[in-house]
Structure formats: structure tokens, C-alpha cells
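One structure is given here, and the rest of the page talks about it.
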Amino acid sequence: MLAQCRRAKTWRPTEAPRTFHQLQATNLTKPPACGSIQHMTDDLLRLTPSGLYCAAGDFYIDPWQPVERAVITHAHADHARPGSQRYLTTPTGAPVLAPRLDPGASIRTLAYGERLTLHDVTLSLHPAGHLLGSAQVRVEHKGEVWVVSGDYKLEPDQTCEPFEPVRCHTFITESTFGLPIYRWQPQAEVFAEINEWWRANQAAGRTSVLYAYALGKAQRLLAGIDPAIGPILVHGAVLPFVQRYRDAGIDQPDVLYANGENARAHRGRALVVAPPSAGGMAGWLRKFGPASQAFASGWMTIRGARRRRAIDRGFVLSDHADWPGLLAAIRATGAARIGVTHGYTGQMVRYLREQGWQAEVIPTRFEGEPDAEIGDAGPADAEERASGEVD
Amino acid sequence: MRLFTQLYTELDETNRTGEKVAALVRYFAAAPAADAAWALYFLTGQRFKRVMSATLLRTWVAEEAGLPRWLVEESYDAVGDVAETLALLLPEQGDGSDLPLHRIVEERIAPLRTLDEAGQRALVTRTWAEMTTPQRFVWHKLITGSFRVGVGRTLVVRALAQVAGIDPAVMAHRIMGAWEPTAADFRALLDPDTQQADHSQPYPFYLAYPLEGAVESLGPRDAWQIEWKWDGIRAQVIKRQGDVLVWTRGEDLVTDSYPEMQALGAVLPDGVVLDGELLVWQEGAPLPFNVLQQRLGRKQISARLLKEAPVILMTYDLLEVAGADLRALPLAARRARLEQLAATLPADAAFALSPIVAAPAWEAVAALREASRERGAEGFMLKRLASSYGVGRVKGDWWKWKIDPFTVDAVMIYAQRGHGRRASLYTDYTFGVWEGDELTPIAKAYSGLTDEEIRQVDAFVRGHTTERFGPVRAVKPELVFELAFEGIQASSRHKSGIALRFPRMARWRRDKQPADADTLATLQSLLESVSR
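Quick note, the sequences are listed as chains A and R, same order. Heads up: the first sequence begins at 30 in our numbering, then just goes up one per residue. Heads up: the second sequence begins at 58 in our numbering, then just goes up one per residue.
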């Protein structure tokens with residue numbers, strides 16, 4: 030605790046986010062008082078400048094600054110930050126988490142459903158369906174249960190463990206796509222569209238360049254498309270994760286590294302899976318010859334988001350819950366109190382309150398997010414940041 | 058509706074000109090003439106005036122989807138397009154409407170105009186139930202009068218010419234003319250026989266590029282005809298078979314709005330087409346554009362307005378004489394014919410011959426250009442004497458050489474989200490100048506920044522919002538921009554008492570503090586100097 034108190038002094042005086050007043054009512058934002066557990070309020074998890082903190086168990090969930098003990102829901106960069114002393118995640122999550130952290134970082138694993146006691150808190154991890162090894166965090170203390178969802182989706186995904194609803198009193202949910210315009214079509218239809226686009230491009234002698242986040246979405250796409258259509262190339266940011274998924278027993282088709290030689294050899298026929306940032310690099314795209322570019326993301330629901338990127342096709346495929354998914358997940362927890370974080374938080378909270386829930390906004394970060402209430406400084410960019418695949 | 062929706066989607070999904078034309082060709086080759094006629098109507102930017110109120114649609118969508126009304130507005134804020142928002146919010150899509158486009162128009166659009174609210178709702182609900190999400194989107198666009206698709210007229214012309222197997226220039230000419238969205242007219246547009254021309258059709262307007270380099274780069278001065286560039290409405294006045302027609306460059310037929318042009322037509326010989334600028338003209342000088350604006354779109358012109366804002370045709374060119382197309386002749390020859398014609402017209406005709414600037418050398422021309430504003434002109438038009446009258450905007454023979462715009466340094470005070478590809482970014486800004494220690498709004502501007510600058514300003518807006526009024530955010534007055542504008546007018550409709558013509562962002566003045574911005578007094582004295 031001492032180390033943490035020292036850090037507390039260096040905490041930057043941060044400007045309160047717009048939703049601060051809503052949080053003060055429940056003291057969610059009050060940082061942990063150094064060494065005096067008595068001063069704390071009744072909340073099991075509270076927002077501190079380092080992130081969500083459980084005082085009773087003395088650990089953080091997805092902290093955004095280095096802490097002593099970090100429980101990680103999944104390995105995307107805005108959830109998994111390096112520098113903490115000890116990490117806890119799932120056994121399938123650990124191999125994809127490790128490359129995100131400093132070499133030699135201490136990662137302990139806890140199998141889904143297994144219980145770990147920390148002081149008088151019981152902690153367990155449950156599948157979130159977001160990507161391989163992603164977890165919701167269940168925290169129980171003196172009969173009170175909180176669940177932090179991390180990022181999640183309800184739709185089945187052959188590359189990760191399916192979402193599991195967990196009963197709780199307080200549920201902290203993401204709301205990246207927390208508006209009713211976001212309703213996903215069945216993924217089989219999306220994969221069929223992608224296959225059709227790939228075939229049509231081949232017929233026109235064009236390479237198919239498909240942008241997707243390097244960890245999670247890329248592997249889901251690879252597992253879902255029809256590898257019989259032609260050769261598949263992947264960007265260097267995608268390749269290591271394909272191997273780690275295979276190591277975990279997840280089916281992935283044969284892929285080639287998208288270097289100059291392979292690009293030239295398979296021009297006009299190949300599907301290239303790459304992170305969105307790759308398209309912005311001068312020269313990278315050129316090696317594939319004439320190409321059709323597409324982006325697979327929930328943000329592609331909106332025409333404007335696709336047109337702004339000046340790409341040819343947008344495939345609506347997300348690893349987050351859509352609006353009906355968010356509401357279904359919230360209902361399934363049986364929770365009366367809902368914390369909403371990431372994305373359209375203000376709108377989601379207002380809606381939930383009107384529907385009778387006790388709901389509040391939980392700001393995502395104390396810095397770097399110019400609009401904590403909406404968090405969409407360009408929606409596609411936000412997901413890019415969230416996936417940590419910007420560079 | 059399936060074919061048309063498919064076409065819309067294909068056009069929307071590609072930025073490649075060739076693919077757009079190919080999609081159009083596929084559509085026009087496959088669609089029945091009755092449908093293709095309507096498709097052409099919509100693709101060339103013609104539309105029904107809003108037949109359904111978007112507000113009612115939003116309310117009904119909220120009820121259909123079981124959503125509170127405010128959430129529909131929040132959704133709109135994220136999407137930036139009403140038709141799209143509503144399509145995304147509606148529950149359960151149908152199997153798709155098989156009604157052909159012309160029947161959609163006749164049965165699902167036109168009746169909405171006359172039905173009462175209950176009748177409208179029944180028809181709208183029924184149509185929603187049939188349509189897929191993309192069909193609903195396109196239909197919403199049509200009934201709210203907001204149908205636009207990223208395809209220029211030249212591409213439509215090129216595709217149709219290809220389908221018909223005729224010269225694109227002929228097709229451009231035909232499409233400019235009066236045709237109705239009927240199967241018969243559509244077939245006539247595609248008629249491979251190019252001899253018969255519709256007598257109502259204007260010629261495609263020849264347009265000039267802005268001159269960027271030094272004027273001396275154009276070569277010897279004596280190869281050029283120089284005219285003033287007037288700020289009015291470019292138009293063709295046609296007299297054929299006894300009929301008089303006035304077409305604007307926007308391809309609106311506006312004959313009824315300009316009785317002066319009908320009177321001019323009466324004294325013109327038959328088989329004549331004039332190209333010129335509609336201007337409000339009094340005592341040998343043009344009145345500002347906003348005076349002309351009062352004349353736009355009116356069917357009934359009061360005697361008072363005719364007296365206060367009389368319109369003439371400042372004539373630039375002669376495109377047809379005695380029914381013969383003169384466009385291939387060199388400008389010098391056309392000008393000679395035009396001057397001959399002008400000499401036959403009575404002195405009180407609503408006609409002026411665009412004066413030719415005599416200044417003998419480029420240097421003198423440049424000096425004279427500085428005096429443009431005193432004459433109510435915007436600079437010069439430079440036309441090669443040997444040039445024929447082309448089609449569209451072609452580089453080389455015609456240049457516009459405008460005077461530098463006015464500028465003012467102003468502070469951004471409000472921001473609003475953009476639409477289309479700027480949806481959910483803050484791109485539309487309001488600017489203020491100092492009046493005492495307050496910033497008074499003087500202009501809104503949307504254009505002039507790079508994508509990267511827009512991203513930075515967007516981030517600034519999100520981080521520095523002080524108040525919200527619906528979609529509008531008041532921001533901390535911190536960013537200074539140099540606004541460029543073409544004119545300044547007194548205005549009782551604006552709090553500042555002034556109105557700027559065509560304001561846009563010339564530069565982001567990162568080097569300036571808000572205190573360095575201009576004052577209202579500066580603009581007021583500019584207004585005085587301009588009015589004098």
C-alpha cells in the first residue's frame with residue numbers, strides 16, 4: 030500500500046469528466062484513501078485515477094496505470110497496459126496478453142469459473158465472448174456480487190469461448206455500440222458477403238484487402254471465410270496471433286506472410302488481412318497491384334464512417350455486443366444497478382434509468398478521451414485505439 | 058425497387074469512375090423504360106419537394122421500434138442522415154419490395170402528398186413492412202426530398218450515351234432539355250437518330266477554370282478576349298419556333314421568373330441562343346447578388362419588384378443563329394456575330410453586351426483588375442479568341458481570374474456535427490468577432506480545412522464544450538481562423554447587422570490569440586467602404 034500512496038501524490042490533478050457529478054453521488058470516482066479502509070464507502074469497486082479498484086481485495090481491473098495487482102479482462106491495448114507488478118488473466122488469454130506486456134511480466138492464470146480468494150473477496154473469471162481468453166470479472170464480498178464485463182459479444186464465435194451470463198447485484202457493462210442503430214445481422218450472412226466480394230475481386234483481377242483488428246477480429250475472419258477461394262495473406266501484425274490461436278487449438282486456415290514476394294506472387298487473387306493502419310502507409314498497398322479495400326467492423330453500420338475512410342466496402346462484423354445484445358446481457362445478470370463504460374455511455378444510462386434500472390456512467394479514462402460522455406472522436410478511430418492496432 | 062436500390066448501393070460503394078459508369082450502364086440496360094426514366098430523374102438531381110415530414114417519420118419510427126423519441130435524436134446525431142437513421146432503427150426488415158420504381162413513385166410516394174396523416178401513416182407502415190433496410194433507406198431519401206448519390210451528371214450522360222450508342226455531347230444536350238420521367242420520353246432520350254433535336258434544349262454550358270499561375274503564362278495578350286466576371290446567374294436565353302426559354306446553369310427552366318427575358322425574346326430573331334449572366338442592373342451598374350436573390354424561384358413577380366430589381370442579360374456569347382449551331386466557330390467570329398445581333402436590338406431591351414476590356418498589356422490588365430469591385434464585378438474572364446464553345450469544364454481556353462476575397466480573423470464559438478462522410482465529426486462552425494468584450498456571430502463556415510485539421514478541431518470541440526443547445530455545442534473561444542468571403546451586405550436578419558457572402562475558412566491562425574481577432578467595427582467600416 031505504501032508504494033501506492035506515493036503514487037497517489039503524483040496523480041495528476043485531472044479535470045473532471047463531464048459525467049463527474051453523476052459519479053460523485055455514488056462516490057465511484059473517489060480514489061482509495063491511503064491506508065484507511067474505514068474511510069471507504071460501501072462500493073465494492075470504485076473508479077480511481079488508475080482505474081477500477083477493489084479495495085476489499087486490493088486489486089485493479091484493467092488499470093490504465095501501473096499498479097500492484099491487475100486483473101485483465103482481455104489483451105486489447107486499452108484494457109491491458111504494461112508496467113504492473115502482477116497480472117491475472119485466463120489460461121487462453123495469457124499467451125495473447127504476454128506480447129502486450131514487458132518481457133518477463135508476471136502473469137498468473139485462473140481458469141474460467143475457478144474461484145480465487147483475496148483477503149475476504151472471492152474472484153472468478155467468466156467467458157466474455159470478445160476474443161480468445163476474454164473474461165468478465167466476478168467479485169464477491171460478504172454476499173454482494175459485482176461483475177465487470179470487459180468487452181463482450183453474445184453472438185457465437187468459433188475462435189473464442191462463448192459469453193456466459195453471470196448473476197450479480199451490480200453489473201459494469203461496456204457500451205461501445207450502445208445505440209439502437211447498431212443491430213448485427215447474422216455473421217453467416219456477413220461471411221457470405223465477404224466471400225462473394227473476394228470472388229468478384231478475383232474475377233476483376235483485383236486483390237482483396239480486408240482491414241480488421243490484428244488480435245481477435247482477424248482470427249475470427251480467417252476462421253469464417255472460405256479458404257478454398259484463394260490464397261490468404263496476412264500482415265505482420267496479424268501473423269503472430271494466428272499462431273497463438275492455433276496453439277490454443279483454434280482452427281485457422283493456411284496463411285502466408287504478406288511480404289513483397291508473396292504479394293507479387295498472389296496479386297489479383299489473394300485475400301489480405303491487415304490492421305486498418307496498414308492501408309495508411311504509403312507503399313504498403315501498392316505491392317498488391319489493383320486492390321479492393323474493405324473494413325470489417327461494427328462501425329461500418331454507418332455509411333459516413335465507411336465513406337470517410339474512402340474504402341470500397343464495409344462489412345458489419347463486430348466483437349462487441351449490439352444494442353439488443355447489451356440489453357439482453359444486462360437483463361440476464363439480474364442486476365439492479367448498472368455501471369456503463371466505453372462508448373455511448375450517456376445515452377445508455379439515460380435509457381436504462383428510464384427502464385427502471387439504477388444506472389451511472391463510468392468514465393473510461395482520465396486522459397486521452399476528449400469526450401468521456403460519447404467517446405467517439407471518430408468512431409472507427411476509437412475502436413482502432415481500443416484494439417491497440419493503430420501502429 | 059430492387060434494381061434501383063442495387064444501383065444506389067453499387068454507386069455508393071465505389072469511388073472508381075469506371076465502376077460507377079459500369080453500374081449505371083447495367084442498370085439502364087436492364088431497367089424497363091418507365092423505371093429508368095424515374096431513375097434518371099432522381100440521378101440528375103431532380104426531386105420531389107419533401108412529400109413527408111421528417112419529424113412525423115421520426116415519431117413513427119420511435120413508436121414502431123419502441124424507443125423514446127430522444128434516443129432517435131441521439132441516433133441521428135451519430136449517423137448524420139435522417140433517412141439512414143430511420144432505416145437502421147426500424148425493426149425487422151421485410152423480404153423486399155418487388156414494386157418497380159415507377160410504381161413506387163405512383164403508389165408509395167405521390168399519394169403521400171394528398172393523404173391525411175392517418176392515411177400517410179398507414180401507407181408508410183405498409184411500405185416499411187415490405188422493404189429491406191437498404192430499400193427503406195433509398196425510399197426515405199425519396200420521400201424526404203433528400204435523395205443524392207455520388208455520381209455527377211457527366212457520368213450519367215456517359216452511361217446513357219453508351220447504352221444508346223450515341224455521342225455523349227448529344228446525350229448531354231438532350232438531358233438538359235425538357236423531358237418528363239415517362240417511358241416515352243426516356244425512349245426518346247435514347248433514340249439513336251441524332252438528327253432531330255428538341256427545340257427547347259439549351260446547350261451544355263462551357264465553364265472556366267480558376268487561373269492559378271501568373272497571367273503572363275497565358276502567352277501573348279492579343280490572343281485573349283477579356284471580359285468582366287459578373288456575380289449573377291449564368292443563363293441561356295433561347296428563342297426557337299416562336300418560343301422563349303430561359304435555362305440556368307443549374308439546368309432549371311426559369312422562364313416564368315423573368316418577364317424581362319420574355320420581352321427580350323420577343324425582339325430576338327428566331328433560332329437564337331444567347332449565353333450570358335442574369336443581373337439586376339440599374340443606371341449602368343449591377344446591384345449586389347442579394348438583390349437578385351429576391352427574384353429567384355418566384356412565379357409571380359410583383360410590379361414593385363420588377364421596378365426595384367430589374368433583370369437584364371449581360372450577354373457573353375452567341376451559340377446559335379438562324380437555327381445553326383455556332384459553337385465550333387472561334388470566339389472572335391461568334392463575338393462578331395453577337396455584336397451584329399446586338400445592333401439590331403432596341404435600346405430598351407433587357408440586354409447588354411458584355412464589355413471587352415481594352416487594356417493593352419497584361420500589366421495594365423492586372424492593374425485594372427484591382428478596380429473590379431468598384432464596378433460590381435468579381436474579376437476577369439479570360440477567353441482565348443480562337444476557342445470554340447466547349448462542353449463542361451475544360452482546362453486551357455477559358456479562365457476565371459477572380460480578385461482576392463475579403464478576409465477577417467474570427468474566433469470559433471459554436472460547432473455542430475457534419476453530415477455524410479463528416480457524420481459525427483464536428484465540422485460545421487460558427488465564428489464571432491469582437492463587439493466590446495463579447496464575440497458576436499458573423500458567419501458559419503464548413504469548408505476550407507484539411508481532414509487532419511478537422512480531426513484536430515473535432516478533438517478540441519469535444520474537450521472544450523461549455524454548453525450544449527441540442528446538436529450545437531458552444532466551445533471555449535480559443536481557436537482563431539482567417540475567413541475568406543466574397544462580399545459583405547447590411548442585414549437586418551443577423552444580430553451583427555451584416556451578412557457575408559460565401560464565407561469559408563482560408564487558414565487556421567494558430568499563431569493568433571482570440572484577442573487578436575477582428576472587431577465588428579472593422580467589418581462595419583468595410584461594409585461602408587463597399588457600399589460607397
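A virtual CB, placed ideally from N, CA and C, is assigned to each residue, including glycine. The model shown is predicted, which means the values in this text are computed figures rather than measured ones.
Only counting the same chain, and skipping five residues up and downstream in sequence, which positions put a Cβ closer than 7 Å to that of residue i?
| i | result |
| --- | --- |
| Val648 of chain R | The structure shown has nothing for residue 648 of chain R, since chain R only spans 58 to 589. |
| Thr66 of chain R | Pro191 |
| Asp374 of chain R | Asp332, Arg391, Leu395, Tyr446 |
| Arg296 of chain A | Thr236, Phe317, Gly318 |
| Thr74 of chain R | Leu212 |
| Tyr373 of chain A | Ser204, Gly207, Leu208, Ile403 |
| Arg416 of chain R | The question names Arg, but residue 416 of chain R in the sequence shown is Ala. Once the five neighbours on either side are set aside, the close Cβ partners of Ala416 of chain R are Val422, Leu425. |
Using a cut-off of 7 Å between C-beta atoms, extract the partners of residue i located in chain R.
| i | result |
| --- | --- |
| Pro209 of chain A | Ala122, Leu124, Leu128, Ser132, Leu146 |
| Arg342 of chain A | Glu70 |
| Gln231 of chain A | Those do not exist, as Gln231 of chain A stays about 16 Å from chain R at its closest Cβ, beyond 7 Å. |
| Gln376 of chain A | Leu128, Glu131 |
Kindly list, in the order they appear in chain A, the residues whose Cβ is closer than 7 Å to that of residue i.
| i | result |
| --- | --- |
| Arg478 of chain R | Gly333, Arg336, Arg337 |
| Gly137 of chain R | Gly333 |
| Ser586 of chain R | None at all; the shortest Cβ gap to chain A is about 42 Å. |
Residue range of the beta strand (DSSP E) that residue i falls in?
| i | result |
| --- | --- |
| Met438 of chain R | 434-441 |
| Thr370 of chain A | 366-372 |
| Ser204 of chain A | 199-204 |
| Asp300 of chain R | 300-305 |
| Met318 of chain R | Run containing Met318 of chain R: none in the beta strand (DSSP E); it sits in the alpha helix (DSSP H), 316-324. |
| Gly343 of chain A | 342-344 |
| Leu147 of chain A | 145-147 |
Below 8 Å on C-beta distance, what does residue i contact in chain R?
| i | result |
| --- | --- |
| Tyr380 of chain A | Pro125, Leu128 |
| Gln165 of chain A | Chain R residues near Gln165 of chain A: none, gap ~26 Å exceeds 8 Å. |
| Thr236 of chain A | By Cβ distance, chain R contributes nothing, its closest Cβ being about 15 Å from Thr236 of chain A, past 8 Å. |
| Gln248 of chain A | Within 8 Å Cβ-Cβ: nothing; Gln248 of chain A doesn't reach chain R, min ~26 Å. |
| Glu225 of chain A | What Glu225 of chain A touches in chain R: nothing, since even the nearest Cβ is about 13 Å away. |
In three-state DSSP terms, what is residue i?
| i | result |
| --- | --- |
| Ala85 of chain A | coil |
| Gly489 of chain R | strand |
| Ser98 of chain R | Residue identity check: residue 98 of chain R is Tyr in the sequence provided, not Ser. DSSP places Tyr98 of chain R in helix when its eight states are reduced to three. |
| His108 of chain A | coil |
| Thr201 of chain R | coil |
| Lys459 of chain R | strand |
| Trp127 of chain R | helix |
| Arg296 of chain A | coil |
| Ile258 of chain A | helix |
| Arg36 of chain A | Any reading at Arg36 of chain A needs caution, since the residue's pLDDT is 33, under 50, leaving its predicted position unreliable; the model's value is listed next. Helix, per DSSP. |
| Trp565 of chain R | strand |
| Ile166 of chain R | helix |
| Leu264 of chain R | strand |
| Gly333 of chain R | strand |
Ordered along the chain, which non-local residues of its own chain (more than five positions away) have a Cβ less than 6 Å from that of residue i?
| i | result |
| --- | --- |
| Ala385 of chain R | Ser445 |
| Asn230 of chain A | Ser237, Ser321 |
| Ser135 of chain A | Arg115 |
| Trp455 of chain R | Ala265, Lys440 |
For residue i, which residues in the same chain have their Cβ closer than 8 Å to its Cβ, ignoring the five residues on either side in sequence?
| i | result |
| --- | --- |
| Ala531 of chain R | Ile470, Tyr471, Thr522, Thr523, Glu524, Arg525 |
| Pro269 of chain A | Pro128 |
| Pro194 of chain A | Ala358, Ala361, Thr362 |
In chain A, which residues lie less than 9 Å from residue i when you measure between Cβ atoms?
| i | result |
| --- | --- |
| Ser553 of chain R | Per Cβ cutoff of 9 Å: no residues; Ser553 of chain R is ~30 Å from chain A at best. |
| Thr8 of chain R | For residue 8 of chain R there is no data in the structure shown, the boundaries of chain R being 58 and 589. |
| Glu141 of chain R | Ile210, Ile331, Arg332, Gly333 |
| Ser203 of chain R | The contacting residues do not exist; Ser203 of chain R stays about 13 Å from chain A at best. |
Identify the continuous alpha helix (DSSP H) that holds residue i and give its terminal residues.
| i | result |
| --- | --- |
| Leu114 of chain R | 111-122 |
| Lys296 of chain R | No alpha helix (DSSP H) contains Lys296 of chain R, which is instead part of the beta strand (DSSP E) from 290-297. |
| Ala43 of chain R | Since the first and last residues shown for chain R are 58 and 589, residue 43 of chain R lies out of range. |
Residues of chain R with CB under 9 Å from residue i, in chain order?
| i | result |
| --- | --- |
| Thr330 of chain A | Val136, Leu145 |
Practice task
Please confirm if the region 214-233 of chain R is in contact with the region 107-114 of chain R, defined as three or more CB-CB distances below 8 Å between the two stretches.
Solution key: Verdict: no, contact absent.
Exercise for the section: Spell out a yes or no on whether the region 451-466 of chain R and the region 291-310 of chain R are touching, meaning 3 or more CB-CB pairs, one atom from each, closer than 8 Å. Expected result: Output reads no: the region 291-310 of chain R does not touch the region 451-466 of chain R.
Practice task
Indicate whether the contact test is met: 3 or more Cβ pairs, each with one atom in the region 279-293 of chain A and one in the region 218-226 of chain A, closer than 8 Å.
Solution key: no
Handout entry: At least 3 beta-carbon pairs within less than 8 Å: the region 187-198 of chain A vs the region 155-163 of chain A
Key = Segments in contact, yes.
Practice task
Would you check if the region 393-413 of chain R and the region 275-289 of chain R touch, i.e. whether three or more CB-CB distances between them fall below 8 Å?
Solution key: yes
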